[in-house]
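The opening residue of the sequence shown carries number 2 in our numbering; numbering runs sequentially from there.
All residues carry an ideal CB built from backbone N, CA and C; glycine is no exception.
First comes the structure, then the notes that go with it.
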Amino acid sequence: MKLSKSLAIIPAVLIAYSMSPVVQADGGALFMSKTCWSCHGKDAKTPLIPIYPKLAGQNADYAFNQMKDIKSGARNNGQTAAMKGIMSLVNEAEMKEIATWLSQQ
Ligand code: HEC
């Protein structure tokens, strides 16, 4: 009797857990809402065209610094122009969140 009762609780706990907000989801949500996915792919590793970089698994500090440099113009080549305009949508705190999320993909 006791055992079957506690077994019945497990699915409820799992459902509650899967619905609870996960801190790391923030970067992923920003990646979607700030339209990053449209060029870099929803999974951050299926870019729109082959010469756009895959971002999944990238070191967080490196990714953050690249975003900062693309936004400021310090990094500037033929391809950065495509991304620079979008960077006005994100501040440094959001870039950090996204960079952390990218490193965990
Ligand atoms: C319009 C297309 C486009 C959008 C939208 C876009 N990017 Fe990019 N992104 C690029 C391109 C192209 C590059 C490569 C630039 C180059 O070759 O220097 C790049 C480079 C990067 C890099 C550096 C990768 C590396 O290996 O050095 C990061 C990190 C990045 N993007 C993150 C983001 C994030 C986060 C967003 C959303 C806020 C975003 N991008 C939105 C096109 C885009």
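Annotation for Ser39: Leu49 place their beta carbon closer than 8 Å to its own, counting only its chain and skipping 5 residues before and after. DSSP places Lys85 in the helix class (H, G or I) of the three-state scheme.
Per the coordinates, the alpha-carbon of Tyr63 lies some 10 Å from the alpha-carbon of Lys69.
The criterion of a C-beta distance shorter than 8 Å is satisfied by Gln59 and Leu103.
Cβ neighbours of Thr81 within its own chain (closer than 7 Å, five residues either side excluded): Ile71. Within the same chain, Cβ atoms closer than 6 Å to the Cβ of Thr101 are found at Gly28 and Ala61, the five residues on either side in sequence being excluded. Judged by beta-carbon spacing, Lys55 lies within the 8 Å limit of Lys46, meaning their Cβ atoms are closer than that value.
Here the distance from the Cβ of Ala94 to the nearest heavy atom of the ligand HEC is not below 7 Å.
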